[in-house]
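I have placed the structure first, in the form of C-alpha cells, so that the comments after it can refer back to it.
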C-alpha cells in the first residue's frame, strides 16, 4: 500500500484523532497541575511574608535594623528580600535597591526588584508586601519565586519525555491496525469479486474469533449459503418442471401424431383432439399451481394480515368438502367448538386448510373417514386433518412438502404433487408450524400462535 | 351484429380470436397496440373491449384507466399471461370489468363476453323469478311451483347468481370466482359436486330440468319453454 493511501484509511484517521485527543487531554491535565501548584506556593509565600512584615513592624524602631540584618544573613538559598525606606523612598536598610511603584500596603503582589548584596546587583521575580510604619517609613518584605518557574520547567520536561513517545506509539499502532484492516478488507474484496463473477461457493475469510468483523463475515457467509441453497433448489425445480411438463406434452405429441396417421373419421380425430386438449390443460394446471406457490413464497402480503377467526373458517372448509366426501363415501367430521383467533391472511389460510382436506379426501379409500379439527394446545391453535388413508412413510414426510413430490403409493391417483408444497409455503409465510405425524392413516397439523 | 374491439399485439392470437368470435356472429375490430386501441375505443362503437394486459407502448390497464377518466363506461375483458391477481386487477373487477388468464378455452372467452354484454341490471326486486322457480332474497327461501326447496347458504348464493344470469353460459371458473370467491383452482371438481346437489334439489326427476350441464363448457339456468 502506498503511504499516501495510508493516511486515507479510516482506521488510521481514527488513530490520529484519538492520539490528538490524548495529547490535548494530557496538556490540559499538566497545565491544571502546574496552575494549582503555583497558586498553592504563591499563597504559602504570601502568608510567610505577611507574617514577617507584622513581626518586624511590631519591633521597637531600634531593633528593626538588627532584625532585618539577622533575617538576611540567615538565608543560604538567597531567597529572602527585605527593605526599609524613608518617606522619600530612600533606602535605609535591607537588600532591595528601591521600592517598586504601584504597591498597595499590606496586599502581597508579584513584582520585579533589584537585589544588592556583597555579590552585586541582580534583578529577581518576587512576591512582595509593604507596610507603612508609625514614623512614616515603609517596610518591604519579599520572597523569590524562582521555585515556581522551576516547577513549570519540571512539568515541561515531564511532558516532553512522556508525551512524545506516547504520541509516536499511537501513530505506530494506528499504522499497524490500519494495515491489518486494509489487508483483511482487500482479501474480502477479492473474494466478493469472485462471488460477483458467479462463484457462489466462495466464502468470506473468518478467523474463528468473536470480533465484529468475524461476526459480519459469518453473517455474510450464512447469507451466501442460503442463496446457494436457493439457487440449487431453483435448478432442481426447473428440472422437475421440465419433467412434469414434458410428460403430458410428450403424450399429447404422440397422440396427435398417431391421430394424424390413423384417424380415419372425423369422430376419431375429435377424440384425439379432446385427448390433446386434456393433456395441454394438465400442463397448464401445473404451471398455474407453480406460479401460485412462487407468488405466495415471494409475497410481501404481511401488510394484508389481520386477525382471523379460525372456527368459522374451518366450518366453511367443512361445508365446502362435505358433498365431495359424501360422493366418495368418505365420512368428513368437522370439530370446531373452540373460538380461536390467529394473525394471518384469511384467504391463504382457507386455501391451506382446503388443500389439506382436499388431499385427505382424495387419498382416503371408500368407507374411510377424514377428520378436520380445531384444537387448543397452550397458546397455540392447531388445525388438524387426519384420515384413514394410506398415510405417509416417515422417510417421505420431509419430501412431500417439496414441490412436485408425489408419494410413490399415490402416483396412480390424480394429483399434481403440489398441494402440500402450497400449504408449506402458506405456513412458512405465516410463521406457523407444520407437522406430519404418524397414526392410523395420515395426520397433519398446522399450528399458529393465538392472538388475544 | 354486436361490435367488439380487440386490443392485442400478437397478430396470430388476434386472428384466432377474430375467427372464433366471427363464427359466433360478432363483428371484431382489431388494434395492435395501446395507442391505436385507445383511439378505436374512443371513436368506435364497441360494446365490449377485449384487451391484452401487456401491450407495446402502453400497458393495458393504463389504457383502461385513461378511458375511465374520459367517462367511457364500455366494459373491458382483460387477457393476461400473468397469473397473479394483483391489487390493480382487483380494482378492475370491482369496476365491473373482467379478467381472464392466458391461455384460455374459447368457451371461457365467449362466456365472459356474454356476461359483460348482459350485465344484470341493478334490480331492486326482492324476489327473483325464472319460470316456476322463485327466490325470496329477504326471507332467504326458494320455491319451485309452490314446493319449498331447502337450501344451504352456499347453494342459495349459487342459485341466486344463476337466476340473475338466466340463459347465460356460466363456466366453472366464473362460478368459482363469483360464488365461492376462490382465488385458486382447487384440485377436485368442487363446482360439479355442489352443482349436482343443487340440481337434485331444484330439478326433481319428473320436473322439466331448469339447470343444464353443457358438456365441456359449464352450466345454464333456463326456464322451460
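Protein chains in written order, with the numbering used here: chain A, 284 to 735; chain B, 6 to 230.
Glycine residues also receive a C-beta, built at the ideal position from the N, C-alpha and C atoms.
- Residue 467(A) has its alpha-carbon roughly 56 Å from the corresponding atom of residue 657(A).
- Rounded to whole angstroms, the gap between the alpha carbons of residue 331(A) and residue 297(A) is 51 Å.
- Assignment of residue 444(A) by DSSP, reduced to helix, strand and coil, places it in the helix class.
- By the Cβ rule, the region 163-178 of chain B counts as touching the region 129-139 of chain B, because three or more pairs are nearer than 8 Å.
- Across the set 615(A), 664(A), 576(A) and 625(A), the C-alpha of 576(A) shows the shortest separation from the C-alpha of residue 703(A).
- Note on the region 365-400 of chain A: whole beta strand (DSSP E) runs with a minimum of 3 residues are 374-377 and 392-400, in chain order.
- Taking a cut-off of 8 Å for Cβ pairs, the region 557-571 of chain A and the region 527-543 of chain A touch, as three or more such pairs fall below it.
- For residue 567(A), the neighbours in chain B by C-beta distance under 8 Å run, in chain order, 108.
- Within the model, the alpha-carbon separation for residue 200(B) versus residue 479(A) is close to 57 Å.
- The Cβ of residue 615(A) sits no closer than 8 Å to any Cβ of chain B.
- With respect to the 8 Å criterion, residue 619(A) and residue 597(A) are classified as neighbours on the basis of their beta carbons.
- Using a CB distance cut-off of 8 Å, residue 181(B) does not count as an interface residue toward chain A.
- Contact annotation, residue 411(A) with residue 396(A): C-beta distance approximately 7 Å; criterion of less than 8 Å satisfied.
- Residue nearest to residue 602(A) within the set 616(A), 592(A) and 533(A) is 616(A) (criterion: CA-CA distance).
- Residue 151(B) carries a coil assignment under DSSP once its states are collapsed to helix, strand and coil.
- Residue 11(B) holds the alpha-carbon nearest to the alpha-carbon of residue 40(B) among 117(B), 76(B), 141(B) and 11(B).
- Assigned with DSSP and collapsed to three states, residue 50(B) falls in coil, not helix or strand.
- Here the alpha carbons of residue 642(A) and residue 589(A) stand approximately 27 Å from one another.
- Residue burial is scored here from C-beta neighbours: residue 187(B) has at least 16 other C-beta atoms within 10 angstroms and is therefore classed as buried.
- Residues of the region 146-163 of chain B whose Cβ lies closer than 9 Å to any Cβ of chain A, in chain order: 157, 158 and 159.
- Proximity of residue 550(A) to chain B, defined by a Cβ-Cβ separation below 8 Å, is not satisfied.
- Interface with chain B (8 Å Cβ-Cβ cutoff): residue 531(A) is excluded.
- According to the DSSP assignment, residue 617(A) belongs to the beta strand (DSSP E) that extends over 614-618.
- With contacts defined as CB atoms closer than 8 Å, residue 302(A) and residue 453(A) qualify as a contacting pair.
- Per DSSP, residue 18(B) lies in no beta strand (DSSP E) segment; the continuous alpha helix (DSSP H) that holds it begins and ends at 16-28.
- Pairing residue 669(A) with residue 630(A), the inter-Cα distance amounts to about 22 Å.
- Inter-residue distance for residue 22(B) and residue 546(A) is about 27 Å (C-alpha atoms, whole angstroms).
- Residues of chain B with a Cβ closer than 8 Å to the Cβ of residue 595(A) do not exist, since the nearest Cβ in that chain sits about 12 Å away.
- Taken atom to atom, the span from the alpha-carbon of residue 42(B) to that of residue 30(B) is near 22 Å.
- Cα atoms of residue 182(B) and residue 494(A): separation of roughly 56 Å, rounded to the nearest angstrom.
- Interface flag for residue 488(A) against chain B is unset, since no Cβ pair is found closer than 8 Å.
- The DSSP-derived three-state label of residue 56(B) is strand.
- Two segments are said to touch when three or more pairs of C-beta atoms, one from each, lie closer than 8 Å; by this definition the region 365-379 of chain A touches the region 339-356 of chain A.
- Listed along chain B are 193, 194, 195, 198 and 199, each with a C-beta nearer than 9 Å to that of residue 607(A).
- Not flagged as an interface residue toward chain B: residue 670(A), since no C-beta distance is shorter than 8 Å.
- Shown here, residue 521(A) sits in a helix according to DSSP, grouped into three states.
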